[in-house]
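Asker: Okay, so the sequence shown: first residue is 84 according to my numbering, each after it adds one.
Just passing along the structure, written as structure tokens.
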Amino acid sequence: MNPREAAVGRALQARVSDDDRDKAVHLLQDSFADGRLSAGELERRLELALTAHSHDDLLAMISDLTVDTVHLTPGGGRIRREGDWRVPRLLRIDSEYGKVRLDLSQALIRYPEVDIELWLTYGSAAIILPADASANADGVRTEWGSVTCKAPDHRRPGKLHVHLTGELDYGRLTIRNSRT
């Protein structure tokens with residue numbers, strides 16, 4: 084490969100995808116909603132993020148804004164969250180044999196969208212959403228397990244939307260809205 088082809092290859096790899104831009108826009112909007120950005124700063128950063136060509140350009144718009152992330156790794160134990168608990172913007176759960184139960188129906192949720200990453204080898208997970216929330220579990224892969232989502236999968240304006248990703252090798256995931 085000649086130097087010019089190598090340079091073109093690096094440039095193509097560094098280009099920003101629409102998905103990358105969407106994630107940056109959501110982070111900027113969440114930061115504005117949390118009071119970390121003024122309206123003018125939000126407008127300026129959104130314009131620059133939407134016109135960014137490289138990951139470096141995009142990163143410059145969001146690098147000072149941290150994502151509220153919690154990473155739980157119980158190994159073989161159980162994870163149970165219910166009642167009045169604070170839901171982070173991004174929740175990562177990594178468990179080989181554990182069982183997960185997340186009840187978001189009475190939780191404190193500051194974000195219009197929450198990402199949950201599940202990495203369960205043999206465990207299972209149940210996620211209970213508020214009555215009017217929606218969820219998309221298309222990003223969850225299974226080997227021998229199953230994914231059942233009884234919640235609406237399309238985002239509703241002004242309502243919580245949960246995006247689930249990860250892998251359940253032999254477990255199962257059930258997502259439903261609360262009955263209350």
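All C-beta atoms in this analysis are idealised placements derived from N, C-alpha and C, irrespective of residue type, glycine included.
Small disclaimer: the values here were computed from a predicted structure and weren't measured.
(1) Could you tell me the distance, in whole angstroms, from the CA atom of Ile192 to the CA atom of Asp139?
(2) Beta-carbon within less than 6 angstroms of Leu155's beta-carbon, same chain only, minus the 5 sequence neighbours each way: which residues are those?
(3) Between the beta-carbon of His136 and the beta-carbon of Val99, is there less than 8 angstroms?
(4) Who are the Cβ neighbours of Ser261 in its own chain at under 7 angstroms, not counting the five residues just before and after it?
(5) On the three-state DSSP scale, how would you describe Val108?
(6) Residues in the same chain with beta-carbon distance under 6 angstroms from Asp151, minus the five sequence neighbours each way, listed in chain order, please.
(7) Hey, out of Leu251, Ala234 and Ala190, whose CA is closest to Tyr205's CA?
(8) Give the secondary structure of Asp186 by DSSP, where H, G and I count as helix, E and B as strand, and everything else as coil.
(9) For Pro195 and Trp227, I'd like the C-alpha separation in whole angstroms.
(10) Run the CB neighbour count on Ala220, radius 10 Å, all protein chains shown included, and call it buried at 16 or more, exposed below.
(11) Specify, as a first and last residue, the run of the beta strand (DSSP E) that Ala209 falls within.
(12) Looking only at its chain, what residues have a beta carbon closer than 6 angstroms to the beta carbon of Asp102, apart from the 5 residues adjacent to it on each side?
(13) Closest to Leu133 by CA distance: which of Val245, Leu203, Leu111 and Val197 is it?
(14) Quick one: using the 10 Å Cβ neighbour count with 16 as the cut-off for buried, is Ile258 buried or exposed?
(15) Would you list the residues sitting across from Trp227 in a DSSP beta bridge?
Answerer: This is what the structure holds:
(1) Ile192 and Asp139 have their C-alpha atoms roughly 31 angstroms apart.
(2) Excluding residues within five positions, the ones whose Cβ falls inside 6 angstroms are Ile162 and Ile176.
(3) Yes, the pair counts as a contact, with Cβ atoms nearer than the cut-off.
(4) Annotation for Ser261: Ser188, Ile211, Leu212, Pro213 and Ala214 place their beta carbon closer than 7 angstroms to its own, counting only its chain and skipping 5 residues before and after.
(5) Assigned with DSSP and collapsed to three states, Val108 falls in helix.
(6) The answer, listed in chain order, is Pro171 and Arg172.
(7) Ranking the options by Cα distance to Tyr205, first place goes to Leu251.
(8) In the structure shown, Asp186 sits in a strand (DSSP, three-state: E or B).
(9) Computed Cα separation, rounded: 32 angstroms.
(10) The residue is buried, with at least 16 neighbouring Cβ atoms inside 10 Å.
(11) Counting along the chain, Ala209 sits inside the beta strand (DSSP E) bounded by residues Ser207 to Leu212.
(12) Cβ within range, chain order: n/a, list empty.
(13) Taking only the C-alpha atoms, the option nearest Leu133 is Leu111.
(14) Buried is the label assigned to Ile258, since at least 16 other Cβ atoms lie within 10 Å of its Cβ.
(15) BP columns for Trp227 are empty, so no partner.
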